[in-house]
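Have a look at the structure below before the remarks.
Number of protein chains: 2
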Amino acid sequence: MTAPLRLGIAGLGTVGTGVVQILRRHAALLEARTGRAITLSAVSARSRDKDRGVPLKDYGWEDDPVALARRDDIDVFVELIGGDEGPALDAVKAALATGKDVVTANKAMLAHHGRELAEMAEAAGRVIRYEAAVAGGIPVIKALTEGLAANEITRVMGVMNGTCNYILTRMQATGQGYNALFEECAKLGYLEADPNLDVGGIDAGHKLAILAAIAFGTAPDFDGIEIEGIQHIQLEDIHQAADMGYRIKLLGVAQRTGRGLEQRMQPCLVPADSPLGQLEGGTNMVVIEGDAVQQLVLRGPGAGQGPTASAVMGDVCDIARGLRLATFGQPATTLETLPAARSALPAPYYLRMKLVDKPGALAKVAAILGQAGVSIDRMRQYGHSDATAPVLFVTHKTSRAALDEALAAMRQTDVIAGEPVALRIEEV
Amino acid sequence: MTAPLRLGIAGLGTVGTGVVQILRRHAALLEARTGRAITLSAVSARSRDKDRGVPLKDYGWEDDPVALARRDDIDVFVELIGGDEGPALDAVKAALATGKDVVTANKAMLAHHGRELAEMAEAAGRVIRYEAAVAGGIPVIKALTEGLAANEITRVMGVMNGTCNYILTRMQATGQGYNALFEECAKLGYLEADPNLDVGGIDAGHKLAILAAIAFGTAPDFDGIEIEGIQHIQLEDIHQAADMGYRIKLLGVAQRTGRGLEQRMQPCLVPADSPLGQLEGGTNMVVIEGDAVQQLVLRGPGAGQGPTASAVMGDVCDIARGLRLATFGQPATTLETLPAARSALPAPYYLRMKLVDKPGALAKVAAILGQAGVSIDRMRQYGHSDATAPVLFVTHKTSRAALDEALAAMRQTDVIAGEPVALRIEEV
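Set out below in structure tokens:
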């Protein structure tokens, strides 16, 4: 029997506590499956006295996560502190420097410092595993890095922020507006301390940067993502998209193009009857397309104690079994740095605007679209009680540049009221 | 740089040819990701002269797969011959006996001889990998064995035969009957040489036996599966299930119960708006439920050249990277043998019968159900033009034994015509 694998866990919030629970509940199962005992040597968190519902007195305690990372009675440092810099980053570096493997759920840290950390780990012969950082309980890092290793990945997409998907699907189901549902999420504890991480698309963007790195062999490039949050989505858009057979999702899309790496995280329309369109509530979904596998869809809980702890412990089991590979699936020194490509591939768009109710208004808008080379697939004008008429277009495939040109021209006219809404329609 | 990993491929049908294509197309990608070249030393197939669309002259040739397995210029024997015994089994044993790792897509062989082969492999320090054996391109073996290793798995379910799902969804979409669609599948080449492997549920049963072994730490027990095919599903059932909000799927379900291992592969009703209910055509879906992860849904192509070759090559990449683990996720000698438990957990059922059109017929049937303790959730009687009236019941949860008692009693009466149809409704 191999020696036990000894863990140190930094951060005892929901996920950390969940990991301790699994270690206690499934000690025998884990040993049967990995061939060695998995033990917990010591933990670190802010408050030693807080009751976390699991007994901690059997384990060593460190106030400082860096001190935990340096202990010589741990083999794996489990980082569940969070934050892209500060104690999390310091402790992970200390762990690597003192010969520990690292398991982390920290998407922000990897999106911003992934390449540097991967190089450190590989130089030291250590591994960094981070299944829990992307899409909670879904083993998508493993699927992409290992299961699909023989594929040239052509596109990765995902709905990876449960809070945003909860808000968008509840807007549809209840007819409540964005603000009311934002407040509901705040009450339910669904929001990060800085809610912009959720509703601004930042958190989901971190996840996309990590997936894109693995998929395309590039260094994680969070700054290269076009990010747009869901704060401006109105109930009208939800309903009118539905009326046209679509759902609005905060969708991440990454693909490698001839002009660089395209990464977008933005509200998009997807067909209501597609797997992404059918995804409701806080569930996450990742779609991976490869030249051999065609399309793989993974769906599961994107957050929560059990699912996230499941992912953390899956990584721990891999290390216990001796399954070791480069952080992003190939040596960090070989990761490319590609220019960020603004979405160049043409797509259909959803366009909503309020037309001033006077003769020739629609003709003028249609003419502008035509002059910009944007052709119209479907158009609907809705009944109205005020002086403006809600009008909806679904365009044929067009470039974003042509669309922006048309939008700029429309703003110069006196026939539209307020700002037009343009949302990309993603073919999935 | 590590030495190249040298393959020998036995079986050059669609999948084998697809594997050769990936090796040729992605040599550089595979080397970048695994850190070593992956080369093909030799192949074996029935006909040396057949044009398979890929050049084979660069590789050695063996008429006999056993001779290929024994060659000393291969590290990994890739078995794509198929069949639970005969040349496939002989060659795999020869490969293990001569120190080769094995990658196979052979579900029948593993369902029937999995434990024996796993013991051989583990005694020899070799691995057997078989991602392609279950659900084609979906990396479900990896998800279950590795990603969810820290979970007690509570249930595994899946739609894992694309041909059956194609037939069932086309019956719904086109209104054609089973026989017409069976003929269509035969023409399209969707059927195994022995079509009963597909439509009889055998092929899907092999896959379920493998998943259950990993999930529950038991030796694969194909003979313990209750198997029922789709041959008896009538168009009426498809339509009437839809009318009640359900779809009919050939669904595999495995769960560990207090009385043993329950494994069923049978046509079931699932809610039309569930992920399983929405699965159309030849796509496969596997649902895994674990105590920590809750529910994971994996969806992708269940067959075809690219997807299956992707899975085979994912296994090869794991071996190239040195990722090695026990065949069923824990040592074969520790796999339990559990009694086969006939589905004991109560479930709602769909019951369809033709009532003889005379006074008191419905009352009699209802009384029989009541006497057996089967209570009715919903009932519909449909219009009819002959002397029998189609009647449909959805029961509340009941045991199969109680239902069988009621069915037996009904058969003794003179109020039903023909054989009643009873299909389980699976909560998913």
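If you read the sequences in order, they're chains A and B. Per the UniProt record's numbering, the first sequence starts with residue 1, numbered consecutively. Per the UniProt record's numbering, the second sequence starts with residue 1, numbered consecutively. Yeah, the Cβ is synthetic: ideal placement off N, Cα and C, and Gly gets one too.
Of the residues the options, the one placed nearest residue i, counting alpha carbons only
i, options, result
"B:T17", "B:G60, B:Y166, B:A347 and B:G53", "B:G53"
"B:E146", "B:L403, B:Q330 and B:V374", "B:Q330"
"B:G290", "A:V316, A:G300 and A:R400", "A:G300"
"A:I227", "A:D203, A:A241 and A:I368", "A:D203"
"B:V374", "B:S385, B:V365 and B:L403", "B:L403"
"B:L40", "B:L56, B:L335, B:Q381 and B:A272", "B:L56"
"A:E31", "A:L12, A:I9 and A:T2", "A:T2"
"A:A213", "A:D58, A:A111 and A:R6", "A:A111"
"B:D315", "A:M265, A:Q263 and A:N151", "A:N151"
"A:A123", "A:L325, A:R321 and A:D90", "A:L325"
"B:M285", "B:G306, B:G252 and B:E62", "B:G252"
"B:P359", "B:A387, B:A340 and B:A341", "B:A387"
"A:Y166", "A:I425, A:K249 and A:L23", "A:K249"
Interface flag, residue i vs chain B, CB-CB below 8 angstroms
i, result
"A:V297", "yes"
"A:I238", "no"
"A:A186", "no"
"A:Q234", "no"
"A:E313", "Correcting the residue identity first, residue 313 of chain A is Met in this sequence and not Glu. Yes, A:M313 lies at the interface with chain B (some Cβ there is under 8 angstroms from its Cβ)."
"A:R33", "yes"
"A:Q278", "yes"
"A:T218", "no"
Cα-Cα separation between residue i and residue j, rounded to whole angstroms
i, j, result
"B:V287", "A:N196", "33 angstroms"
"B:A69", "B:M313", "18 angstroms"
"A:C317", "A:A311", "10 angstroms"
"B:L345", "B:D237", "24 angstroms"
"B:V66", "B:A97", "11 angstroms"
"A:A95", "A:A108", "18 angstroms"
"B:A193", "B:G260", "34 angstroms"
"B:D243", "B:A408", "27 angstroms"
"A:R380", "A:L208", "34 angstroms"
"B:A143", "B:A10", "27 angstroms"
"B:V270", "B:V297", "15 angstroms"
"B:D72", "B:D64", "15 angstroms"
"A:Q371", "A:M120", "54 angstroms"
"A:P220", "A:L335", "9 angstroms"
"B:I81", "B:R48", "15 angstroms"
"B:F182", "B:A272", "23 angstroms"
"A:N161", "B:V428", "23 angstroms"
"A:T104", "B:R170", "46 angstroms"
"B:H239", "B:Q172", "7 angstroms"
"B:G217", "B:G205", "17 angstroms"
"A:L168", "A:Y178", "8 angstroms"
"A:A361", "A:D377", "19 angstroms"
"B:P348", "B:A401", "13 angstroms"
"A:G393", "A:G229", "For the sequence presented, residue 393 of chain A should be read as Phe rather than Gly. In a straight line, the C-alpha of A:F393 is about 22 angstroms away from that of A:G229."
Short CB-CB distance (under 8 angstroms) between residue i and chain A
i, result
"B:P390", "no"
"B:Q231", "no"
"B:D318", "yes"
"B:E138", "The sequence as given places Ile at residue 138 of chain B; Glu does not occur at that position. Yes, B:I138 counts as interfacial toward chain A."
"B:V293", "yes"
"B:I202", "no"
"B:A143", "yes"
"B:G370", "no"
"B:E146", "yes"
"B:N106", "no"
"B:G282", "no"
"B:G53", "no"
"B:E152", "yes"
"B:G11", "no"
One or two residues paired with residue i in a DSSP bridge
i, result
"B:R129", "B:V103"
"B:S44", "B:A10 and B:E62"
"A:C268", "A:K249 and A:R424"
"A:R299", "A:M285 and B:V297"
"B:R155", "B:E289"
"B:G260", "B:T257"
Are there three or more Cβ pairs, one per stretch, closer than 8 angstroms when the stretch 255-267 of chain A is compared with the stretch 132-145 of chain A?
no
Evaluate contact between the stretch 411-420 of chain A and the stretch 348-363 of chain A, counting only Cβ atoms and requiring at least three cross-stretch pairs below 8 angstroms.
yes
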